[in-house]
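2 protein chains.
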Amino acid sequence: MPAKEQITDWFKSLQNSICASLEEADGKAKFEEDNWIREEGGGGRTRILQKGNVIEKGGVNFSAVYGKLPEQILSYTLQTKITTNYKLQIPDFYATGVSIVIHPLSPMVPVIHMNVRYFEMSTGEWWFGGGIDLTPHYIDEADAAFFHTSLKQACDKHHTNYYPDFKKWADDYFFITHRKETRGIGGIFFDKLTQHENGATKEQLFTFVQEIGNLFAPVYTSLIHKNKNKPYTEENKQWQLLRRGRYVEFNLIYDKGTRFGLETNGRVESILMSLPQTADWFYNYTPPPNSPEEKTLLLLKKGIDWITLKRKVL
Amino acid sequence: MPAKEQITDWFKSLQNSICASLEEADGKAKFEEDNWIREEGGGGRTRILQKGNVIEKGGVNFSAVYGKLPEQILSYTLQTKITTNYKLQIPDFYATGVSIVIHPLSPMVPVIHMNVRYFEMSTGEWWFGGGIDLTPHYIDEADAAFFHTSLKQACDKHHTNYYPDFKKWADDYFFITHRKETRGIGGIFFDKLTQHENGATKEQLFTFVQEIGNLFAPVYTSLIHKNKNKPYTEENKQWQLLRRGRYVEFNLIYDKGTRFGLETNGRVESILMSLPQTADWFYNYTPPPNSPEEKTLLLLKKGIDWITLKRKVL
């Protein structure tokens, strides 16, 4: 059974290999590293790449933090019944993971996000969580099918329920409720994967999380290479800035990781590396009829089967 | 005793007079108006000015909405005990007000926000609320003293406790907790001002709210005229964009009006008119020592007496 040290080491090596792949794909800028220490225990290795050829701003963060379970985690992660029992003796926790958000310079290259994480407590409870989702400024259906097919193939190796279940979870999670828009074309999202719930062993779940982590670099660099040299106009750039505004809205209003990090006195600059270098808000912008922008907006919906390009009737 | 119709009419006329003053001060752009209807009752008159000489993006919104009290207001505005009593019979509410946020083009002109509002219920309860705060990209101590002195003089006409109490309330409210920074130099903030609590009549409280509303145009246009022709550099502009990023963080994460509006299915584009046209995030930006940016950052603190420029020991 993989111990937390083994999982931690693997996340660290994942950060290294992804940074190397992204630097190669970018061809110009290098990641800068900031090591930080968490006062209550643990710390992280934040890596940020700015002003590249392809990547305008991107972060690949590793962290491993531990100590007494903060009150906010207690109420956030546990059932009320359990919380009450813990009031007498607060357990220790250990949490480690890798978080990535890449904002490309070109509006023709999609934004990508990935997070893989592991959590355990001195009570013996543990789980894996994670997700990967793609936010194209312009939805290219072939790219969408490629992205989702890659995820499905990776998931199917482990459990045939994973892709459909985690794809729906991503649709529900990466949703900008007040705009009634998805953030992008979704992907997969999963949380609290543990032995008790789905029959898989810890070893098997770790292998699944590794599979997802390893998928990131080949899938995203392939999307970079395919799209990075496409020409674009000033209008395309404006639309990208507006879509980035929506990304900011999602991350600051809805994203649980962001809010949780800020509320528990996390390292602000590491958490908010997910925000783009520049974002715009135009009052009441509506794309022209039949424009590529309108087409994209009409596809920012839950329940689309990106592999067959059919929308489920919900 | 002023009825809701009288208060509503006054807010409408305040919107008109402020828009006229801002158009005159801008000298180029005009407000565009969108009338909107709230399905459950009432509606609003959103006015947005974009790409002016002085104002890059600004909104002056009037609304008057009514109907059955939404569940979110019930829990937001009332005590638990009262909420429980209301479960059998949900009261009607009526809410009206004017909300303003102005993002100027020049980093030398401060951002300003004002809100004045009135709320009543069929139970007979009613209150006024509001606030006005200034967010300079660069803090000019003379401007700060002028702004706070104007507020103090207006408040002092009504109650000598108002300025100190509401100034402290603004310091606490307009605070970006995760950055440990105030949004700007504060101003005043007040909520649930009603007859029962402070001895003033409804008439007197309405007169106070009118006094604050009427203060907006002369104070802000004076700051515009003083600062609009100051030269600025590319670095000043970059700093402005970064400070606007902080404004976005405050509004999307902490501002109660914004979150409440989005959660209760308010008109998104009217609520988010408070966001600037463009905002930036640079990873881990630290102003150079002794720079004007550092000086401003060091002054983004609670408890500064901007009139005498002394910081209270807290």
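Going down the list, the protein sequences come from chains A and R. So in the working numbering, spot 183 of the first sequence is number 208, and the numbers just go up one at a time. So in the working numbering, spot 149 of the second sequence is number 174, and the numbers just go up one at a time. The C-beta atom is built at its ideal place from N, Cα and C for all residues, glycine as well. All values derive from a computational prediction rather than experimental measurement.
Using a 10 angstroms sphere on the CB of A:N276, the tally of other CB atoms reaches 16 or more, which defines it as buried. Cβ neighbours of A:K217 within its own chain (closer than 6 Å, five residues either side excluded): W152. Within chain R, the residues D59, I73 and E294 have their CB atoms less than 8 Å from the CB of A:N309, given in chain order. Using beta-carbon distances, A:H128 does not count as an interface residue toward chain R, since no partner is under 7 Å. Here A:I62 is exposed, its C-beta having fewer than 16 other C-beta atoms within 10 Å.
Short of 6 Å from the beta carbon of A:F118, and not among the five residues preceding or following it, lie these beta carbons of its own chain, in chain order: L94 and M146. A:Q75 carries a strand assignment under DSSP once its states are collapsed to helix, strand and coil. When the alpha-carbon of R:F144 is set against those of R:T160, R:I137, R:H138 and R:G122, the nearest one is in R:G122. Neighbours of A:H203 in chain R, taken as residues whose beta carbon is under 7 Å from its own, are L287 and V293 in chain order. Looking at the backbone, the Cα of R:F215 and that of A:K262 are separated by about 41 Å. Counting the other CB atoms within 10 Å of its CB gives A:N252 a total of 16 or more, which places it among the buried residues.
The beta carbon of A:S88 sits closer than 6 Å to the beta carbons of G69 from its chain, once the five residues preceding and following it are set aside; these are given in chain order. Judged by DSSP in its simplified three-state form, A:P189 adopts helix. With its beta carbon at least 7 Å from every one in chain A, R:L47 lies outside the interface. Using beta-carbon distances, R:T33 does not count as an interface residue toward chain A, since no partner is under 7 Å. Interface flag for A:T160 against chain R is unset, since no Cβ pair is found closer than 7 Å.
Secondary structure of R:N41 (DSSP, three-state): helix. Residue burial annotation: R:D158 is buried, with at least 16 other C-beta atoms found within 10 angstroms of its C-beta.
Contact check for R:G209 against R:D196 fails: the beta carbons are separated by 7 Å or more.
For the pair R:E81 and R:H138, the CB atoms are not nearer than the 7 Å cut-off. Counting only the Cα atoms, A:H203 lies some 10 Å from R:E294. Bounds of the alpha helix (DSSP H) holding A:A242 are K227 to N252.
Approximately 5 Å separates the beta-carbon atoms of A:V234 and A:V141; this is inside 8 Å, confirming the contact. In this structure A:L323 is exposed. Its beta-carbon is surrounded by fewer than 16 other beta-carbon atoms within 10 angstroms. Per DSSP, A:N309 lies in no alpha helix (DSSP H) segment and is marked neither H nor E.
Between the region 293-307 of chain R and the region 301-311 of chain A, the count of Cβ pairs shorter than 8 Å is three or higher; the stretches touch. From the listed residues A:T219, A:F241 and A:I201, the smallest Cα separation to A:L176 is found for A:F241. Proximity of chain R to A:I278 at the Cβ level (cut-off 8 Å) is accounted for by L277, I278, R284 and L287, in chain order.
At a cut-off of 7 Å between beta carbons, R:W264 makes no contact with chain A. DSSP places R:H184 in no beta strand (DSSP E); its state is neither H nor E.
Here R:T311 is exposed: its Cβ has fewer than 16 other Cβ atoms, across all protein chains shown, within 10 Å. Note that the C-beta distance between A:T148 and A:L325 is not below 7 Å.
Against chain A, the CB of R:A304 has a partner CB under 7 Å away; the residue lies at that interface. Only exposed fits R:Q114, as fewer than 16 other CB atoms lie within 10 angstroms of its CB. In the structure shown, the three-state DSSP call for A:I32 is helix.
Under a 10 Å Cβ-count criterion, R:E318 is classified as buried, with 16 or more other Cβ atoms of the shown protein chains found around its own Cβ.
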